[in-house]
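Residue numbers (the working numbering): 23 to 147.
Idealized CB from N, CA, C, for every residue including glycine.
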Ligand code: HEC
């Protein structure tokens with residue numbers, strides 16, 4: 023398993039821990055809200071472009087719904103950027119994260135451990 027910390031300037035300058043509070047979110051699970059989320063993730067927000075598996079690239083291009091299982095690397099001048107699994111899997115995904123942790127990652131680009139997220143996700147969300 024690669025160390026995705028080595029892709030950021032925080033290898034040299036330790037990532038500041040953020041004291042940002044968890045956003046107060048209400049989880050909507052009605053079919054309209056779920057459909058809207060799916061539309062955004064696989065459409066304009068294009069989360070799937072990064073968070074899908076490499077072997078699913080053709081399916082993503084065809085507009086298919088695939089698992090956001092991550093595992094890809096982006097080779098950048100600053101090093102490899104590792105894309106995490108954001109499925110609800112409890113061991114490999116974000117199934118153990120609270121709604122607040124997920125909302126904080128998306129709103130403030132703070133990883134669940136409390137560090138500032140790598141710019142790749144930060145710039146896109
Ligand atoms: C350009 C690539 C890219 C795109 C597009 C992208 N992400 Fe990410 N995402 C990342 C990377 C890289 C990380 C890991 C950041 C880190 O380790 O600092 C990440 C981390 C996350 C995390 C944090 C997981 C955790 O364990 O704390 C969540 C949640 C997330 N992304 C959701 C999304 C959502 C939702 C979208 C679409 C709105 C999205 N991402 C779009 C690259 C991307």
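Query                                                                              : Result
C-alpha gap between residue 73 and residue 115, whole angstroms                    : 11 Å
Backbone CA spacing between residue 91 and residue 103 [nearest angstrom]          : 15 Å
Span separating the alpha-carbon of residue 134 from that of residue 65            : 25 Å
C-alpha gap between residue 54 and residue 62, whole angstroms                     : 12 Å
Reduced DSSP category for residue 78 - H, G, I as helix; E, B as strand; rest coil : helix
Rounded C-alpha distance that separates residue 87 from residue 70                 : 9 Å
Coil, strand or helix - residue 95 by DSSP                                         : strand
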